[in-house]
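Enquirer: Under the numbering used here, the first residue of the sequence shown is numbered 80, with each subsequent residue one higher.
Think of the CB as a built atom: it goes at the ideal place given N, C-alpha and C, for glycine as much as any other residue.
Values in this document were obtained by computation on a predicted structure and should not be read as measured data.
Sharing a structure here in structure tokens format.
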Amino acid sequence: MEWQPHITVATIVEDQGRFLLVEELKGGKLVLNQPAGHLDPDETLRDAAMRETLEETGWDVELTGVVGIYLYTAPSNGVTYQRVCFSAKPVRHDPQRTLDTGIVGAPWFSRAELAAQPERWRSELVLRCIDDYLAGPVHSLDVIRD
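Spelled out as structure tokens, the structure:
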């Protein structure tokens with residue numbers, strides 16, 4: 080069997096100290112995550128991040144940097160994910176947009192509010208990516224070579 084990591088993107092969207100999250104149903108439980116998802120064939124990492132954010136939250140965003148690149152093996156299924164995490168600023172919201180299947184909402188949380196609910200994180204990457212964003216540095220988008 081060939082090992083194949085899953086390539087994913089995530090976006091840290093901050094506005095005045097609050098972070099845009101996705102509330103989604105996973106395994107019958109409501110969990111919180113950044114807007115995130117898999118890279119599609121023939122898609123750039125930047126395009127994937129903007130598409131996933133729009134599909135899961137109804138927000139168009141402008142990418143501002145790269146927070147980091149993470150490897151994460153999910154304990155639930157043993158699958159390894161490579162996550163490229165971007166930072167972004169919100170540009171325009173379409174409250175009438177239908178969100179992806181399984182998405183219940185797109186709430187905004189402060190770091191403290193999120194940290195107080197670890198049982199709701201989809202993975203430990205949720206808070207780790209925010210903390211890395213806050214600690215810096217956030218890298219130039221030029222590090223992504225399409």
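Please report the distance separating the alpha-carbon of L99 from that of Q83.
Expert: Distance between the alpha carbons of L99 and Q83: 30 Å.
Enquirer: Who are L147's beta bridge partners in DSSP?
Expert: The question names Leu, yet the displayed sequence has Gly at residue 147. According to DSSP, G147 bridges with C164.
Enquirer: With distances taken from CA atoms, which of I223, D225, A127 and V217 is nearest V146?
Expert: Closest option to V146, Cα to Cα, is V217.
Enquirer: Taking only three categories from DSSP, how would you classify L220?
Expert: Looking at L220 - three-state DSSP - the assignment turns out to be helix.
Enquirer: Specify the secondary structure class of R176 as computed by DSSP and reduced to three states.
Expert: Looking at R176 - three-state DSSP - the assignment turns out to be coil, as it is neither helix nor strand.
Enquirer: Given that a residue counts as buried once 16 or more other Cβ atoms are within 10 Å of its Cβ, and exposed if not, what is D198?
Expert: Looking at the sequence provided, one finds Glu at residue 198 rather than Asp. That one is exposed.
Enquirer: How big is the Cα-Cα spacing for G106 and D210?
Expert: For G106 and D210, the distance between alpha carbons rounds to 26 Å.
Enquirer: What do you get for S219, buried or exposed, if any count of 16 or more other CB atoms within 10 angstroms of its CB means buried?
Expert: S219 is exposed by the Cβ-count criterion.
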